[in-house]
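The structure appears right after this line, and notes come after that.
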Amino acid sequence: MNGVGVPLAAPDRPVNGVALTIVIILFLLVAVLGFFAARWRREETTGLHSLDEWGLGGRGFGTWVTWFLLGGDLYTAYTFVAVPAAMWATGAVSGFFAVPYTIVLYPIVFLLMSRLWSVSHRHGFVTPADFVGGRYGSRALTVAVAVTGIVATMPYIALQLVGIKAVLTVLGLGSAENVLLTDLPLIIAFVVLAAYTYTSGLRAPALIAVVKDLLIYLAVIVAVIYLPIKFGGWGTIFDSAQAKLATVSPATGKPAGAFIPGASSYSAYWTLALGSALALFMYPHSITGVLATKSRNTIRRNAAVLPLYSLMLGFLALLGYAAIYAGTKPTDLNGAVNPQLVVPQLFLDQFPAWFAGIALAAIAIGALVPAAIMSIAAANLFTRNIYRDLIKPDATPRQEASVSKIASLVVKFGALIFVIAMDQSAAINMQLLGGIWILQTFPAIVAGLYTRWFHRWALFAGWAAGIAYGTIAAYNVVNPVTKAHFGGSIAAIPGTDVQVYIAVVAFAINLVVAAVLSLLFRAMKVADGKDITRTSDYGADENDPKVAQLQREHPLAEPGGPTY
Amino acid sequence: MSSPEVPTRGPARPGPYVISGILLLVAIVVPLYVPAYSYDEPRLGGIPFFYWYQMAWIPVTAALVGISYWLVTREDRRRRESVRGLADGVER
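Those protein sequences? They're chains X and B, same order as listed. Under the numbering used here, the first residue of the first sequence carries the number 48, and numbering increases by one thereafter. Under the numbering used here, the first residue of the second sequence carries the number 19, and numbering increases by one thereafter.
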């Protein structure tokens, strides 16, 4: 099933048979679970023939399922591979910021997401762009939010494939000569993923996330206890990391990395953490996870228990330093150093093959869960805000579900082609840009949860200004060694020397433009859109009637007129 | 105008919201204040201060969010019961 029985042409690395067998068994187990998920908590009368059922898992996930689902959704395989890789290569600023990022994330989620849940529950919104459309009555703004979401999500899916690829490479599946054979296991894994996402919708990643999360906790807890004992304590690990990161690189004449950030990188460190935290719940896949919950308070309860994953991520980041001490050699198929192979290689070098197999399977399965949710979220955006809003306004729920299923396939194969046909760095650059872009939807989505003060066209102009600045600033960051553009996500605030995360400056520009133009447009009396939401919608819980029901009982003379 | 709008919650008492707002603000601002923790010493079990301090904030944040949850949901329940009691008459 995984194309492994076929002897691969001249593998450049030895295949680790035991570890590979464990990975295949766990992959098959997860695939069975994915197809079985279609029958889990199924509404027998309607089946999966609506976006509420297929795309949001019936909007009925409770605290436990949501904990696993969001844990699997937010802490992706790419995170598990890239964060320790960054620690290994350049140290704290580009790697360990993930810890404050995933700390400040949860108070923000607590503040914002239950209001979004309530208004979406009342109106049957499936995507963030649905809400923006309902709140501002602006087609342009809705499409802007939807397209930003889709474009930012695509490279994120591609990076999940990069995570699987790292695992397959260290397992010995791959050859520098035969590219097609190298990619074959990846293609098969993705076809299977696409098939069960198509049949089961959001229920598949929700069930699989339970398996994946338990495996990853097991792998990290064992590694964090066993490796320091084996290596003589955390002290020696940190000392060797400090020595390596202080080594002056001949290419740049600067130290290789930062062990503890100096005063000049404080602003980069905290803006990376804050900007990423603000952006994460603007991603469609995060919002899909929120809207799939059963009650207004499920997400708030989860904001208090999800930090357990951040603790795991923090320890996983430190494994990047453990790999420095251990002298792990992350050599890619072409012989070059690829930091992303560091953690998979560390597990393979330091643990018995069967346990390495479990850890590698956890990473690979960890890629399937977010890839499935992201493709569903992007498909929902396409279906609701492009297909229904622009092409076929009278689409039935059944048609929406079938369009969304097909769109999820298109999105996944797009990501697959991206990774196979293009250089990996293209996916990484796009993901970097995606993070900057998605934050520009924050004013439209979040301000709308609290106030209608902003004018719809001002929000649109702010969005455009933020995207334009962010893209140009990111293009102008040049990698000092390779001279390539999009060399990083840090740049000076224009006119100063203060180095900050580009997304945060773009966001500030976005807000200022939106505020100034709101005043101007209101003064000029530019027409405002219709708001179909009421103040009471933002505090509704699962026991309150939905708006569709209210409308039947008391038809509104003028939708969006009075609010109180 | 005949309004179909049924309030979902009664009026708020500011206390619980103000307190949880402060707790959440602390959980956002303090972990981002880098000058407070960009040091190597004191180490804990060999882990530099910079690393263990930030990791220690994870359970602290979880607790602050947990307390906010308790405060806000309690007030929320009271506000809902106040309107549902009115709307449904005796039965709730």
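Think of the CB as a built atom: it goes at the ideal place given N, C-alpha and C, for glycine as much as any other residue.
{"Asked": "L50 of chain B at chain X interface by Cβ criterion, 9 Å", "Found": "yes"}
{"Asked": "is_contact[N590 of chain X, chain B] using C-beta, thresh 9 Å", "Found": "yes"}
{"Asked": "V559 of chain X, enclosing alpha helix (DSSP H) - first and last residue", "Found": "549–570"}
{"Asked": "Contacting residues, own chain, Cβ-Cβ under 6 Å from G118 of chain X (five flanking each side not counted)", "Found": "D260, Y356"}
{"Asked": "Buried or exposed by the 16-neighbour rule on C-beta atoms within 10 Å, applied to V466 of chain X", "Found": "buried"}
{"Asked": "Cα-Cα separation between A491 of chain X and L220 of chain X, rounded to whole angstroms", "Found": "45 Å"}
{"Asked": "DSSP-derived helix/strand/coil call for T487 of chain X", "Found": "Sequence inspection shows Gln at residue 487 of chain X; the Thr mentioned does not correspond to that position. Correct three-state label for Q487 of chain X: coil."}
{"Asked": "Member of X:K341, X:T195, X:V547 whose CA lies at the smallest distance from the CA of F429 of chain X", "Found": "X:T195"}
{"Asked": "Contact set for T26 of chain B: own chain, Cβ-Cβ below 8 Å, skip 5 residues either direction", "Found": "R98, V101"}
{"Asked": "9 Å Cβ cutoff, R675 of chain X in contact with chain B", "Found": "Residue 675 of chain X lies beyond the stretch modelled for chain X, which goes from 48 to 611, so this question has no answer here."}
{"Asked": "Cutoff 9 Å: A151 of chain X Cβ touching any chain B Cβ", "Found": "As written in the sequence, residue 151 of chain X is Val, which differs from the Ala given in the question. Answer yes: the Cβ-Cβ gap between V151 of chain X and chain B drops below 9 Å somewhere."}
{"Asked": "Buried/exposed call for S35 of chain X, threshold 16 Cβ in 10 Å", "Found": "Lying outside 48 to 611, the shown extent of chain X, residue 35 of chain X is not represented and no answer is given."}
{"Asked": "Where V146 of chain X meets chain B, residues with beta-carbon distance less than 7 Å", "Found": "Q72, M73"}
{"Asked": "Beta-carbon proximity check, I197 of chain X vs A400 of chain X, cutoff 9 Å", "Found": "no"}
{"Asked": "Neighbourhood of L8 of chain X by C-beta distance below 7 Å, restricted to the same chain and skipping five residues each side", "Found": "Lying before the first or after the last residue shown, residue 8 of chain X is absent from chain X, which here runs from 48 to 611."}
{"Asked": "Buried versus exposed, by CB contacts within 10 Å (16 or more), M19 of chain B", "Found": "Any reading at M19 of chain B is ruled out, since the residue's pLDDT is 34, under 50, leaving its predicted position unreliable."}
{"Asked": "Beta-carbon separation (whole angstroms), Y372 of chain X vs T294 of chain X, contact threshold 8 Å", "Found": "Not a contact, Cβ separation roughly 15 Å."}
{"Asked": "Beta-carbon contacts of G109 of chain X that lie in its chain and below 7 Å, excluding the five residues immediately before and after", "Found": "K341, T345"}
{"Asked": "Any C-beta of chain B under 9 Å from that of L355 of chain X", "Found": "yes"}
{"Asked": "Within 9 Å, strictly: CB atoms of T91 of chain B and I150 of chain X", "Found": "no"}
{"Asked": "CB contact below 9 Å: V83 of chain B versus chain X", "Found": "yes"}
{"Asked": "Residue-level contact to chain X via CB, I37 of chain B, 9 Å cutoff", "Found": "no"}
{"Asked": "Residues of the segment 563–592 of chain X whose Cβ lies closer than 9 Å to any Cβ of chain B, in chain order", "Found": "R581, T582, S583, D584, Y585, G586, A587, D588, N590, D591, P592"}
{"Asked": "Helix, strand or coil at A411 of chain X [DSSP, three-state]", "Found": "helix"}
{"Asked": "Segment contact flag, the segment 121–137 of chain X with the segment 297–313 of chain X, C-beta cutoff 8 Å, min 3 pairs", "Found": "yes"}
{"Asked": "Status (buried if at least 16 other CB within 10 Å, exposed otherwise) for W111 of chain X", "Found": "exposed"}
{"Asked": "Helix, strand or coil at V528 of chain X [DSSP, three-state]", "Found": "coil"}
{"Asked": "Contained alpha helix (DSSP H) runs [length at least 4] in the segment 92–134 of chain X, N- to C-terminal order", "Found": "98–101, 110–121"}
{"Asked": "Every unbroken beta strand (DSSP E) within the segment 144–209 of chain X, with a cutoff of 3 residues, ordered by chain", "Found": "none"}
{"Asked": "Helix, strand or coil at T246 of chain X [DSSP, three-state]", "Found": "helix"}
{"Asked": "Reference W484 of chain X, options X:A310, X:P61, X:S323, X:R89, closest by Cα", "Found": "X:S323"}
{"Asked": "Limits of the unbroken alpha helix (DSSP H) element including I40 of chain B", "Found": "32–47"}
{"Asked": "Residue-chain proximity (P308 of chain X, chain B), Cβ-Cβ < 9 Å", "Found": "yes"}
{"Asked": "Per-residue DSSP class, three states only, for S20 of chain B", "Found": "Bear in mind that the predicted position of S20 of chain B carries a pLDDT of just 36, short of 50, making it unreliable; the figure below should be weighed with that in mind. Three-state result, S20 of chain B: coil."}
{"Asked": "Under 7 Å by beta carbon: chain B residues contacting W164 of chain X", "Found": "Residues of chain B passing the Cβ test: none, with the nearest at roughly 13 Å."}
{"Asked": "Alpha carbon of A310 of chain X to alpha carbon of W281 of chain X, nearest angstrom", "Found": "25 Å"}
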